[in-house]
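Chains A and B, in that order, are what the protein sequence lines are. So for the first sequence, the numbering used here puts the first residue at 74; every next one is plus one. So for the second sequence, the numbering used here puts the first residue at 74; every next one is plus one. The beta carbon of each residue, even a glycine, is placed where N, CA and C say it ideally should be. All values derive from a computational prediction rather than experimental measurement.
Number of protein chains: 2
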Amino acid sequence: MTTRRVTLADVARKAGVSRATASFVMGGRSDMRISAATQARVLRVAQDLGYRPNLTARGLRTSVTRTIGLVSDTIATAQYAGEVIHGGLDAALANDHLLLIAESAGDRHVEERLLEGMLDRQVDGIVYGAMYTRVVEPPRSLLGRPVVLLNCLAEGFPAPSVIPDEEAAGRTAAQALLDAGHRDAIYVVGGHHVTSRTPDGVFAGRERMSGIEHALRRAGVAPARVIECAWAVEQGYEEVRALLAGGHRPQAIIGCNDRVSFGACQALQEAGLDVPGDVSVVSFDDSGLASWARPQLTSIALPHYQLGRTAVELLIGGRLEPVVHRIPMPLRVRASLARRTHR
Amino acid sequence: MTTRRVTLADVARKAGVSRATASFVMGGRSDMRISAATQARVLRVAQDLGYRPNLTARGLRTSVTRTIGLVSDTIATAQYAGEVIHGGLDAALANDHLLLIAESAGDRHVEERLLEGMLDRQVDGIVYGAMYTRVVEPPRSLLGRPVVLLNCLAEGFPAPSVIPDEEAAGRTAAQALLDAGHRDAIYVVGGHHVTSRTPDGVFAGRERMSGIEHALRRAGVAPARVIECAWAVEQGYEEVRALLAGGHRPQAIIGCNDRVSFGACQALQEAGLDVPGDVSVVSFDDSGLASWARPQLTSIALPHYQLGRTAVELLIGGRLEPVVHRIPMPLRVRASLARRTHR
DNA sequence: GTGAAAGCGCTAACAC
DNA sequence: GTGTTAGCGCTTTCAC
């Protein structure tokens, strides 16, 4: 036996008012000036009966569902997609919304189905995300609807974007080294992240490099070498090993992400060099690796939580001007960076 | 200007049939025997007009929304919550459902709000999850509704549970060592995971230990030592360091999760011992750490994807008998385990 | 201040 | 085989 849900009509009847009146009271509308007594009575009865509005019915009537859709290419694979969701959820919850979440695995067809499903369920808007920052082409079916682009940019698609401020992060990394007294033998490992699948590098690579170079140049410092390689543990390890084998003696390394930095540390330590005693290391992403490594890595954090949170806030707040919102990437100071004193 | 969505009425009008007929055709119901010609015409028109059913309206009428709610204590923090979601999403998508996903951060009040929000939106069922396996107490408001417990168990709550088969995983770990010829100087690091917050250890700890001990005993082998400590990198490192300092010479280590094993490896390597040359290491979880470590860790994987997938499948399939479904944990063979030859 | 009535888009008896 | 009709639970104009 399943007890029927109590409806607004039940509340109205029990309170001795019409359904309309009950609706006004529950909706908290003051323009219809209901007597305070009636108001209290209705509220009271609703409370007693455990009345909960049927949002499906309300949605049908008003076509607002207080539900928003979040679709992304990958949720599982990405390191901290969880944080993005977390941020989005917090923003949603704070505004009494809920999130329909799905991932397309990069499949256009799946993406289309997912979006249709969300639209069929009358979501109030869509957060269209990518798990690493890049230029995307959202389906035309989203044109004209409330959309916020999360961690991606789209040309000719009039929607706001929320992305990490990678350029500033690059400057932060270089500045952290400079502030610690480093000026010589600074090596950058990773570069633009050129691989067979990303022949032009990636957005984060270009911006991080640009920021690094800019900050160093401004201080009159030139990196000893910029090593272009894929952003993986293995490459970081191999490249630094080759470097050391070639007689180089780095005093500082900027690893373009945590995996590269982690690999670099392994190579340094294998060669008997101490981090940060002999070599300082600064990294990017602040993934779990940064704190699992020993020593723990100083890293510029990807602001996943803020990304998710901001995107949902913009959507719910209706701030849909096609503007790029750059979220700051904070420096997380840990053991791998040490001060150098010049002799 | 926002073009109105095309409704079933539009389709019916354009096709020259009644709304009911159109509804039957779209619903693919054969019991109302509509002429093939009419059927084709309706379908055709629907296609041309780009008709999409309004699931909110359908939901109001039928009270099935093809939407299910997934609520868990933590989504962000957990290593691979993403994989759980991924599995759930795949199952949902395969059945034309969508997922409302939220996390309570372990806050009862938030959890209640989330669940209410989902119920208000008329979800067809709830997946109630925990990010590490344990006994939970779902809110009474869920009683009598379609619920599946994901990665948790509840006493006196009539719902199916889907959990990893940790006991079998323990046996798998021990057996892997035995199969590689190990019989002596086997150390277990981690134990039940007793901490101030978990004075009785955790479910995974108890089951893994039980499985390990069972398999070893059956082979007539006794572990040299079982070290109880928190399952963290730092503890794994410290405990193994202390062990070595105390004159112990392990030939094999079972780390009770990847963090412990990772820390253990660091201590071993720091002491000049080679993994797996001198010491074999077997781990649990198969988190990112297992493949980032060098050597990469042989680890028994937490079946996150299958957990999520199975939970949603049970829910959609209506298989709601209060049964505990134990999902196998596969052995991922990597470099940290090597064969021992007896002399 | 309050109530009657219409209608959001859809499905499902039931009549023809 | 197809159309008529009622109604899911809610909001909202418009009379009173």
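Can you have a look at B:G160 and say buried or exposed, based on whether 16 or more other CB atoms are within 10 angstroms of its CB? Buried: at least 16 other Cβ atoms inside 10 Å.
I'd like the ranges of any beta strand (DSSP E) spanning at least 3 consecutive residues and lying wholly in the stretch 235 to 266 of chain A. Entirely contained in the stretch 235 to 266 of chain A, the beta strand (DSSP E) runs reaching 3 residues are, in chain order, 259 to 263.
Let's see if you can read the secondary structure: which residues bound the alpha helix (DSSP H) around A:A94? At residue 94 of chain A the sequence reads Thr, which differs from the Ala that was named. A:T94 -> alpha helix (DSSP H) spans 92 to 100.
Does the stretch 195 to 202 of chain B touch the stretch 134 to 142 of chain B, meaning 3 or more C-beta pairs lie closer than 8 Å? yes
Anything in chain B within Cβ reach of A:D193, meaning under 8 Å, just list it in chain order. R125, P126, N127, L128
Mind checking A:H182: buried by the 16 CB within 10 Å criterion, or exposed? exposed
Nearest-angstrom Cα distance between B:L192 and A:V406? 44 Å
Taking C-beta pairs closer than 7 Å, name the residues in chain B that A:G361 reaches, listed in chain order. G361
Check whether the Cβ of B:E184 lies closer than 8 Å to any Cβ atom in chain A. So, not an interface residue.
Which residues in chain A have a C-beta closer than 7 Å to the C-beta of B:R367? List them in chain order. Within chain A, the residues near B:R367 are Q339.
Buried or exposed for A:T245, please, with buried defined as at least 16 other CB atoms from any protein chain shown within 10 angstroms of its CB. Taking every protein chain shown into account, the CB of A:T245 has 16 or more other CB atoms within 10 angstroms, so this residue is buried.
Can you pull the DSSP bridge partners for B:I300? B:V262
Tell me whether B:I326 sits in a helix, a strand or coil according to DSSP, three-state version. strand
Where does A:S177 sit, in a helix, a strand or coil, going by DSSP? coil
For A:H265, count neighbouring Cβ atoms within 10 angstroms of its own Cβ and tell me buried if that reaches 16, exposed if not. Sixteen is the threshold: when 16 or more other Cβ atoms of the shown chains lie within 10 Å of the Cβ of A:H265, as they do, the residue is buried.
Quick one: residues in its chain with C-beta nearer than 8 Å to the C-beta of A:T147, no 5 flanking neighbours on either side, listed in chain order? A154, E176, A178, G179, M204
Just grab the DSSP bridge partners of B:D358 for me. B:A374
Give the secondary structure of B:Y153 by DSSP, where H, G and I count as helix, E and B as strand, and everything else as coil. coil
Buried or exposed for A:H321, going by 16 or more other Cβ atoms inside 10 Å? exposed
Three-state secondary structure (DSSP) of A:A384: helix
A:I107 - DSSP class collapsed to helix/strand/coil: coil
Return no unless some Cβ of chain A is closer than 8 Å to the Cβ of B:F230. no
Applying the 10 Å Cβ sphere with the 16-neighbour rule, what's the burial state of B:A85? Its Cβ being crowded by 16 or more others within 10 Å, B:A85 is buried.
Relative to the C-alpha of B:W304, which candidate in B:L289, B:S334, B:A325, B:H287 has its C-alpha closest? B:S334
Using the Cβ count rule (16 or more neighbours within 10 Å means buried), how would you classify A:S356? buried
Can you tell which of B:A113, B:A249, B:I389 has its C-alpha closest to the C-alpha of B:V200? B:I389
From the DSSP output, which residues share a beta bridge with A:S353? According to DSSP, A:S353 bridges with A:A325.
Quick one: residues in its chain with C-beta nearer than 6 Å to the C-beta of B:M74, no 5 flanking neighbours on either side, listed in chain order? Legend: pLDDT at B:M74 = 40, less than 50; position of this residue unreliable, value from coordinates given subsequently. Around B:M74: no qualifying Cβ.
Meets three-Cβ-pair contact criterion under 8 Å: the stretch 228 to 244 of chain A and the stretch 256 to 274 of chain A: no
Any beta carbon of chain B sitting closer than 8 Å to that of A:I326? no
Quick one: Cα of A:S91 to Cα of B:L223, how far? 44 Å
Sequence-distant residues of the same chain with beta carbon closer than 8 Å to A:L188, five excluded per side: G142, V144, I199, P212, S214, L215
Would you say B:F471 faces chain A, with C-beta separation under 8 Å as the test? This structure gives no information on residue 471 of chain B, because the portion of chain B shown stretches from 74 to 416.
Rounding to the nearest angstrom, what Cα-Cα distance links A:R416 and A:H255 in this structure? Note that A:R416 scores 46 on pLDDT, short of 50, meaning its location in the model is unreliable and no value can be drawn from it.
Would a C-beta distance cut-off of 8 Å place B:T271 and B:P237 closer than the cut-off? no
Proximity to A:Q248 [Cα-Cα], best of A:E228, A:A288, A:A277: A:A288
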